[in-house]
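Residue numbers (our numbering): 163 to 357. These notes concern the structure reproduced below.
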């Protein structure tokens, strides 16, 4: 086996373990999320992540190797941080809690983007076009997940900043025709009661 192929197999083993950990972690993130779009994003990404596991197994098969995970210490640390974030979020305002969850999730996405980019480059160098295509597909999904998390965080962050400045406009109801305006403390109280 060439050194480059050894590196690719090592990366794939790492990714297989990382994705398997996320299959267990994402339902907890979804359950902890308050904002419906964030909850939905975590639930959809769980389905994608299950597909990522199968896709990695297909890459192993394409290079003629057995799909065996290798403990991914980086993802273990990121998942542990995510669990800590979930625990700490219970004490926070729902918007702050969701922003914390998004930050934890984006750290995971950035790790995966880096790992899939590296694996794809190694597959291309080996002339493994089908492997590179499969890895590119997953890389694109990880980049899209990161982009979606940013899109979800933007209005939450804007609302939190508005609340911190003493504003009394709920950005989710602006333009909705309801004309509803509530104080930040009343909104927080209402959201806490829904949780």
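In this text, a Cβ means the ideal position worked out from N, Cα and C, and glycines have one as well.
Residue of the options minimising C-alpha distance to residue i
| i | options | result |
| --- | --- | --- |
| residue 188 | 208, 171 and 260 | 208 |
| residue 302 | 199, 210 and 219 | 210 |
| residue 282 | 163, 169, 202 and 165 | 169 |
| residue 262 | 247, 300, 292 and 274 | 247 |
| residue 225 | 195, 329, 291 and 315 | 291 |
| residue 240 | 232, 254, 216 and 274 | 274 |
| residue 297 | 317, 329, 323 and 216 | 216 |
Contact set for residue i: own chain, Cβ-Cβ below 8 Å, skip 5 residues either direction
| i | result |
| --- | --- |
| residue 243 | 266 and 269 |
Burial state of residue i (16 or more Cβ within 10 Å)
| i | result |
| --- | --- |
| residue 256 | buried |
| residue 309 | exposed |
| residue 252 | exposed |
| residue 327 | exposed |
| residue 186 | exposed |
| residue 164 | exposed |
| residue 238 | exposed |
| residue 181 | buried |
| residue 347 | For residue 347, the predicted model reports a pLDDT of 42, less than 50, meaning its position is unreliable; a value from the coordinates is still stated below. With fewer than 16 Cβ atoms within 10 Å of its Cβ, residue 347 is classed as exposed. |
Same chain, Cβ closer than 7 Å to residue i, five either side skipped, listed in chain order
| i | result |
| --- | --- |
| residue 222 | 174, 228 and 229 |
| residue 286 | 294 |
Coarse secondary structure for residue i, derived from DSSP in three states
| i | result |
| --- | --- |
| residue 165 | helix |
| residue 303 | helix |
| residue 214 | helix |
| residue 227 | coil |
| residue 220 | helix |
| residue 250 | helix |
Within 8 Å, strictly: CB atoms of residue i and residue j
| i | j | result |
| --- | --- | --- |
| residue 311 | residue 236 | no |
| residue 197 | residue 300 | no |
| residue 271 | residue 304 | yes |
| residue 167 | residue 288 | yes |
| residue 314 | residue 190 | no |
Contacts around residue i, its chain only, beta-carbon distance under 6 Å, and the 5 residues preceding and following it disregarded
| i | result |
| --- | --- |
| residue 177 | 218 and 277 |
Cβ-heavy atom distance, residue i to the ligand MG, below 7 Å
| i | result |
| --- | --- |
| residue 245 | The ligand MG is absent from the structure shown, which contains no ligand whatsoever. |
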